[in-house]
Each structure stands twice: as structure tokens, then as C-alpha cells.
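Visitor:
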Amino acid sequence: MKSHFFHLIWLILLVPACSSQSSLWSSKAFHNTTAHYNGYYYAKDEISKIENTILQSQKDDYNSILKLYPRIDSTLAKGYDKEIQETVKMASLAIQRHPNSKWVDDCYILVGKARLYSLDWGNAIQTFKFVNTKGKKANDRHEAIVQLARTFVEHHEFNNAEAAFDFLEKESLNKINLKEFYLAKAHYFQLRKNYDNMVRNLALAVPLLSRKDKPGRVYFIIGQVYQQLGFESEAFNFYKKCLSTNPDYEIDFYARLNMAQVAEISKSRDVSSARKSFKKLLKDSKNRNFRDKIYFEMGVFELKQKNLNEAILNYNLAIRVGSNKQIDGQAYLKLGEIYYDTLKDFKLSQAYYDSAVASLPLSYEGYNKIQARQKVLNEFVEHLNTIVWQDSLLRMAKMDTATLRTHIKSVLDKQTKTIEKKKRKKNDRIDISSVSSTISTEANLGASNWYFGSPSAIALGQSEFTRVWGAISLEDSWRRSTHTTSFSKNQVSKNLNQNVPSVESIVVKAKDRLNEEYDRIHKQLPVTEELVAEANKKIESAYFRLGDIYYFDLQERENAISAYETLLLRFPETAYRPDALYKLYLISKESDTLKANQLAAEIKSKFPESSFAKILVNPNYLEESGLVVEKQKVIYKEAYQKYELNELVLATQLINKALVLEKTAFNANLDLLRILILGKTDGITQYQSSLETFIKNYATSELAAYAQKLLQTSREFLLIQEKQKGIQYNRSFEEPHYFVLVFEPNDRTGVLTSKIMESFNTTYFNDLHLKVSNLILNNNYTLTLVSDLPRISSALEYYKTFTEKQSSFIELKDQKINNFVITKNNFDIFYRTKGLDEYLRFFEKNYHPENP
């Protein structure tokens, strides 16, 4: 009976307590308890899941200062969207059903965090502001403002973040909010790269940290900041504190590694002790997966000590022993910087920068600057290689066949010896012929001293066993002579030598390689005046660009002077001369006034119309000419509009008006538009000719490359038209002719035909002063060209005489050769279309003696 009575009393008290508007103590207790252990509890659990997901996704880069807070990523946020929705739902239910409970503000804060983690900045900010405005408890309001400040920081609204921090500075915060305030502020300063203020705030947060905050990580970050700021003693102390907290193994390892960088040197300047610390880390088998990082830090250490050779060695070891792509990229970058900044070996630096850019992630700090330097070095090496290769081709073009083959063979032999030498060095270093030495090597690198503790030694032993004994099953007495699978000495010897190539195969392979290399080079040789001029043009341009790169990008003034002066010496008539002279003037002006005055005088006397001369005469020329350029741009815009409307006469008049104003850098744009108009009014021949002239006159302009593309497109279009309607040769024969020999290229025919034709000309047509040259038609045919036969009668006489004497040329007896005469205009069509069969039919019909 009493039991029923108490139940009744409890129901009487509970029913009004369920009301959200009741002020009874029982009502408050009910709503506080229900809000806390239902909505708030489950919402907080979901937030914890989200924070763990974000933490686990964080990839720490120990070569830079670790991030205090992990990066909130939009892609990652999609993965925990379900938890976000559940957090908002549970917290909202608690707010709606228990509006008078003390957990309402806490639930709003969880909703704000959910919005923050889902990158919903606007709603996150509004939620935290709402708690600050409507919150009942000071601690909740303070927590909301801390989270608001963090949201501003993550959204890079730094001014608003500073205002929130300033407000909190004046407030009396509890221990938890004070800790979060210092950490959030440190995070703000880290993003702003203000490491001095960052470490100050972290130091203030340290006494407030609990075990669940993982203080070891914070101590480690403080150590990193102090190390970067140059306070190595303080860095050592915090790394030591980090180790005392028994942190995660990776933090532990890097703390010990960084201590080796700063500890002994900061105390006693004992460099050898620091090296011993690194070696100790290498020998520790637990650090086997971190050897690349240890070698990298050893490289950093040796670089600080100015030991370049040791630094280079350690960086290369870091690349060789590990598989961490980012550490490889950083090692490549360090090597590139050493060869760039210290050793000034830009060619080698370019190779390392190439590897660095390929290995480092796009998010790596300063990646854009690294890539920019790589592009400069790539261009530098490209121009350097152009000079070397084109000079080599020019020299080789003067060699006869035998000398050229001997030269190529000597180069190939040197390359082979270099490769073999490198292989021997590698084999000596790794010593793969001995399992025991491999074990020793592995032990020195930190592996176990026991043989079976080294997987690589086991694998090498297995391969060595199989090589000598073959595939033998695992069983007793495998080596007995009575065993069914036994090996004689001859069989073992056969196994040992089965992979050794024969002398004959080596000789054949070397000969094939020589022939391939000879054919490749022979096709590129500049054997005509036009090809020689083209090669020299490439060298000329490369020297000028090298000078610019040395001067502007690499800041190497002496090398710039050398490049510009070599250009002027080798190519006195170069179009780059005024430009190169002016740059030499600028360089000399600071150190050699006499030379600068001489250069200025040459520019003013020989190139009075150039902008460089005008600058020397009138220092305000650029400013004044800029006004002219602006006028030209206005006229150009109007002329282009007329061009688009096909009002070509008016467009041409406007262009001429702009060109008359003054010679400026903008003239190239005006000239190119004039050529586009010519293409519509004067036909394709005039259009192509004008483009060729433009490319020559404006070789240094950026528009030259565009003009070259227009010219190439025009030629390709013409070629397509010719092929569509069939190749049409010109029947106008009363003009200068060429005599042409067409043959398949081989080791000696090109040189022989040239000599034969020169001798033939001297004997039979010496009075015509004919020239002989070689030209590659395509991959199948090479041409020997005799020019210039003044008229058709002399061309036919030449063809008839050669045909009669051809049988006497014993050297060409076994060669399949086509020969004919052709006008210059028709040769242009023939060379462009490569239509040999078509021209031979045309020749038979129009030149053959039976068809005069």
C-alpha cells in the first residue's frame, strides 16, 4: 500500500516537471538531466567523431613547423556530413524540448562547431554571435567568442579575429577557455607567419594543458619554433620536455632528431658529438623507416657547418635509402639550391630542381617560387644545349664520312666507359657479390646484426643460391652426389656464365649502335648554306637569351657580359646588337665608366633610330614615348574594328597614321595587323613574304612566334590545297634551273655525290661557276643540288652531258639515283610537297629529248 502511495507522489511531482515552462526545482532537474544526457551528450559524441576524423586525416610535415590545428578540408567534410547532420539534429532537439535547461548554450556551441567543420562559415559565425549575445553564463559566452575567433581565422577574416581576441584579453576567463584562447591565438599567428607571437602564446598555454591535450605535441611545436627563430638552447629544452611526456613514436623520433641538430652545439659547440647522435639514430633498428629523414637532417647539419661535400653526400643518401616522396623532393631542392646559390653550377642545379618539382606536392610552401626557378633553369639549359649541339653539328658537317664515323665512335666509347665506371662504383659501394658484405652494410645502416633480421640480405642470398644451384626444393641432402638433382662443375660453370653475352654479340651491338647514331646525326647536319644559316641563327638567339637569363634571372653579371660579348664577336651583324650593347652599357655603367661611354657612343652613332639611342639622348624618352604608345593603341583599336568589319582601306589608313607618329615598341602590333589586311587584299604569296619579313625585323618581339605560327599555318593550308587538286607544276621554263640528284641516304653517298658533281662541274661547266650542296628531302631521300643553271638550254645541256658520263662514275654504279633538272619555282613546290614521282612524270613529259 505504501509503495503505491510513493509512486503516486512521484507522478504528481513528475508531471509538472515535464513542462518546459515550469520553474519548479524538479522541472529544472528533469530538463537539465534530459538535455545533458540525451541531446547534448549525443551531439557532443558526434562532434568528437568529426574531430577524430579531421585529426586522423592530418599528414604532418616534420620538415616544417607542425600545424596546431588540422586543416579543415571541403573534400574531407563530405565524408563526415552524416555526423554533421546528426550533431545539429540532436543539439536542436535538446534546445527545442528543454529551452530552460542550463545546456542550451552548450548545444548552440556544438551547432556552431558543426557549421565550422562543414565550412558553413556564415551560419557558424551567426551561431557563435547568438551565444555571445543571448548566453546566460559568462563561461559559455567566452567559449563562443573563442570559437568565433577561430572561425574568423579559418575563413581568413583576420581583422575580425583580432577584434575578438582583443575583447577576450580584457575578460576574466576560466582555465579551459584561457587555454583555448591562447591556442587559438597561437594558431592565428602561425597562419600569419608571426612565429615570435605564436611561441609566446603557446608558452602561456603550456601550464594549462592536461594529458588529454597531448602536451608532447605542443612542446615539440614550441621547440620547432624556437629552433627556427635561432634560440637553440630553448628548443633543446622543449624537445626534452616533449620526450618526458612519452609522445607518439613519430614525435619522439623527430624530437630526438632535432635535439641532435641543436643540443650539443648549443651547449659545447662539440660538432663530433652531434654527428655521433645522428649515427646513434641510424643504428637504432626502430628507426629503419626513418633513415631517409635522418640522412636529410645530417645534410642540413653539415650544410650549417659549411661542409658542402658532406651535405651533398647526405642529401643523396636521403634520396637513395628511402621511399618518402616529399623527403626526396626536399633533398632534391636542397641540392638544387647548393648548386644554384653556392657552386653556381646552373646546369646541374636544373636537374635537381626538375626532380624537386616532380616530387614535391603542390601545397608545399613556396612551391610556386621553386617552380619559377625551375622554369628559368630549364630555359637556361635549353639555350646552353642549343649552342653546344649546333656548334657540334657545324663542326661535324665539315668532316668526311670516315672522320665523322671515327668521331662518333670515340664519343660512344667514352660514354660506354663512363657508364661502366659508374656501374663499377655502384657495385663496389653496394658489393652485391658478397652476401656477408651485404649483411655488414645493412647492419651499418641500422639493420639487425643477425642475418635473418635483414630481409634484403635474405633476398640477395636466395637469388645468389638460385643463380648457382638452380631451383631446388627444400629437403634434406639436396647437395649429395647421389641425389637425382645434382650438378657437375660444368653445369655450375654454365649457370654462372649463362647471362654473359658473347664477344661477337657485343661487337654487333656496338656496330648497330654506331650506325644508328651516325644516321641520326647525319640527318641533322647543316650541309647547305640555308641549313648553316639556320644553325647559326639558333646559336645567335641562344647566346642572347643566355645573356638575359644571366643578367635578369640569375644575377650573374660577369657571365652575362661574357654571353653578350660572345654574341657580338661571333655575329657582328646580329639584330640583337643594339639590345646587347645597351645591356652591356647598363652593366658597365656602375664599374667601368670609360667602357660604358664607348658603348653609349656606338649605340648613338650606329643605331640612332633605336629606342636605346633615344633613351641615352633623352632620359625621359620612355615616359614621352609611352604617351605615343597610348595614342597608337587607341588608333589600333579603331583600325582593328574596321578590319573586322572588312573595311580594309580605312583600316590601312589608320595603321599608316599610327606608324607615322613615332617608332615605338607597339609598331610590331601595327605591322602585324597590316599584314593580316594584306592577306585579304594581295593574296597568299604577298602575305607569306610579308610574314617572313616581319619575323626577321621583329626577331626579339613576342609577336615573332605568333607570326611564325601564322606563316606555318598558311604553308600547311597551301600544301593541303595542292594535294587536293593534285600537284601543279609551273610550265614557265625560261628561268634559272637546278640539276638534282635524288638517292637513298647511306654512310657515303652524300659526300661522294658532292665530290663527283664538283669535279664534273670543273671539267665540263667551269665557266658557269656552279654551286653544289646537299639537302634532306625526307626520311627516305637525300638530294644533291647543282645551282644555278642560268636558262633551260644550259640545263638541258647539263642533263645530257651528265647522262652520257654517268656510267663513268664507278662510285655511283651500285646506287639507285634519280636525276633531273627543275626550275627554282618548281623546286619550291617539289620540296614542299615531297612529290618525287609526280615531278618525274612532269619531267619526262616536258624535258625529255623526245618531248622538247
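According to my numbering, the stretch in the sequence shown is residues 1361 to 2212, in order.
Don't be surprised by glycine CBs; every beta carbon is placed ideally from N, CA and C.
Since this is a predicted model, take the numbers as computed values, not measurements.
With distances taken between CB atoms, is the gap from Lys1545 to Asn1557 smaller than 9 Å?
Guide: Result yes, Cβ atoms of Lys1545 and Asn1557 sit closer than 9 Å.
Visitor: Locate the beta strand (DSSP E) running through Leu2135, then write down its first and last residues.
Guide: Lys2131 to Ile2136 is the span of the beta strand (DSSP E), which, as asked, contains Leu2135.
Visitor: On a Cα-Cα basis, can you pick out the residue from Glu1925, Glu1918 and Glu2104 that is closest to Glu1950?
Guide: For the residues Glu1925, Glu1918 and Glu2104, the minimum Cα distance to Glu1950 belongs to Glu1918.
Visitor: Within a Cβ cutoff of 7 Å, which residues of the same chain sit near Ser1848, ignoring the five residues on either side of it in sequence?
Guide: For Ser1848, the pLDDT reaches just 45, beneath the cut-off of 50, and the residue's location in the model is therefore unreliable, although a value from the coordinates is still provided. So the list is empty, once near-sequence residues are dropped.
Visitor: Should Tyr1945 and Ala1956 be called a contact, given that it needs their Cβ atoms to be closer than 9 Å?
Guide: Yes.
Visitor: Please return the same chain residues whose Cβ sits closer than 7 Å to the Cβ of Ile1654, not counting the five positions on each side in sequence.
Guide: These residues qualify, in order along the chain: Leu1617, Phe1638, Leu1641, Leu1642 and Asn1647.
Visitor: For the beta strand (DSSP E) that Ser2147 lies in, which residues bound it at each end?
Guide: Unbroken beta strand (DSSP E) run through Ser2147: Thr2142 to Leu2149.
Visitor: Give every residue of the same chain whose Cβ lies closer than 8 Å to the Cβ of Ile1425, excluding the five residues on either side of it in the sequence, and list them in chain order.
Guide: Cβ neighbours of Ile1425 beyond the five flanking positions: Gln1550, Tyr1555, Ile1581, Gln1584, Val1585 and Gln1588.
Visitor: Give the DSSP-derived three-state secondary structure of Ile1432 in the structure shown.
Guide: It is coil, neither helix nor strand.
Visitor: Is Ser1715 buried or exposed, if buried means 16 or more other CB atoms sit within 10 Å of its CB?
Guide: Ser1715 is buried by the Cβ-count criterion.
Visitor: What is the rounded straight-line gap between the Cα of Asn2006 and the Cα of Asn1978?
Guide: Distance between the alpha carbons of Asn2006 and Asn1978 is about 41 Å.
Visitor: In three-state DSSP terms, what is Asn1667?
Guide: Asn1667 falls in the coil class under three-state DSSP.
Visitor: State the Cα-Cα distance for the pair Asn1667 and Met1658, rounded to the nearest angstrom.
Guide: One C-alpha to the other measures close to 11 Å.
Visitor: Using a 10 Å radius around the Cβ and a threshold of 16 neighbouring Cβ atoms, would you call His2208 buried or exposed?
Guide: Under this definition His2208 is an exposed residue.
Visitor: Going by the beta-carbon positions, is the gap between Gln1507 and Leu1476 smaller than 9 Å?
Guide: Against a cut-off of 9 Å, the Cβ pair of Leu1476 and Gln1507 comes out as a contact.
Visitor: For Ile1679, which option in Phe1656, Gly1696 and Glu1662 has the closest C-alpha, if you only look at C-alpha atoms?
Guide: Of the listed residues, the one whose Cα sits closest to Ile1679 is Phe1656.
Visitor: Helix or strand or just coil, what does DSSP make of Phe1549?
Guide: Correct three-state label for Phe1549: helix.
Visitor: Identify every residue that forms a DSSP beta bridge with Leu2101.
Guide: According to DSSP, Leu2101 bridges with Thr2144 and Asn2179.
Visitor: By the three-class DSSP mapping on this structure, what secondary structure does Leu1533 have?
Guide: Coil.
Visitor: Closest by CA to Leu1663, which one among Gln1621, Arg1733, Lys1704 and Arg1651?
Guide: Ranking Gln1621, Arg1733, Lys1704 and Arg1651 by Cα distance to Leu1663 puts Gln1621 first.
Visitor: Taking all protein chains shown into account, do 16 or more other C-beta atoms lie within 10 angstroms of the C-beta of Ile2170, making it buried, or fewer, making it exposed?
Guide: Exposed, by the Cβ-count rule.
Visitor: When the Cα of Ser1570 is compared with those of Val1631, Ser2092, Thr1605 and Glu1876, which residue comes out closest?
Guide: Ranking the options by Cα distance to Ser1570, first place goes to Thr1605.
Visitor: Compute the distance between the beta-carbons of Ile2189 and Asn2090, then report whether it is under 9 Å.
Guide: For Ile2189 and Asn2090, yes; Cβs fall inside 9 Å.
Visitor: If Arg1772 sits next to Glu1876, beta carbons under 8 Å apart, how far is it from one beta carbon to the other, in whole angstroms?
Guide: Here residue 1772 is Leu; the residue named in the question, Arg, does not match the sequence. With 8 Å as the limit, Leu1772 and Glu1876 do not qualify as a contact, their Cβ atoms being about 10 Å apart.
Visitor: Could you tell me how far apart the beta carbons of Gly1907 and Ala1895 are, in whole angstroms, since I believe they sit closer than 8 Å?
Guide: The pair is not a contact, with the Cβ atoms about 19 Å apart (cut-off 8 Å).
Visitor: Rank Val1513, Trp1463, Glu1503 and Asp1500 by C-alpha distance to the C-alpha of Leu1479 and give the top, closest one.
Guide: Nearest option by C-alpha distance: Val1513.
Visitor: Thinking just about the alpha-carbon of each residue, which of Asp1608, Cys1602, Pro1607 and Tyr1609 is nearest to the one in Met1619?
Guide: That would be Cys1602, whose Cα lies nearest to the Cα of Met1619.
Visitor: What does the alpha-carbon distance come out to for the pair Leu1562 and Lys1427?
Guide: Between Leu1562 and Lys1427, the C-alpha separation is close to 12 Å.
Visitor: If you run the structure through DSSP and keep just helix, strand and coil, what is Lys2002?
Guide: In this structure, Lys2002 counts as helix in the three-state DSSP scheme.
Visitor: Measuring alpha carbon to alpha carbon, tell me which of Glu1990, Ile2037, Phe2026 and Ala2028 ends up nearest Gln2013.
Guide: Selected option, being the one with the closest Cα: Ile2037.
Visitor: Among Val1491, Arg1905 and Tyr1440, which residue has its Cα nearest to the Cα of Val1464?
Guide: If we check each option's Cα against that of Val1464, Val1491 comes out closest.
Visitor: Classify Asp1760: buried if its beta carbon has 16 or more other beta carbons within 10 angstroms, exposed otherwise.
Guide: So Asp1760 counts as exposed.
Visitor: Within a Cβ cutoff of 7 Å, which residues of the same chain sit near Tyr1727, ignoring the five residues on either side of it in sequence?
Guide: Within the same chain, Tyr1727 has close Cβ partners Leu1720.
Visitor: Just curious, the alpha helix (DSSP H) that Val1506 is in, first and last residue?
Guide: Its alpha helix (DSSP H) spans residues Ala1498 to Glu1514.
Visitor: Ordered along the chain, which non-local residues of its own chain (more than five positions away) have a Cβ less than 6 Å from that of Met1450?
Guide: Cβ within range, chain order: Gly1399, Tyr1402 and Ala1403.
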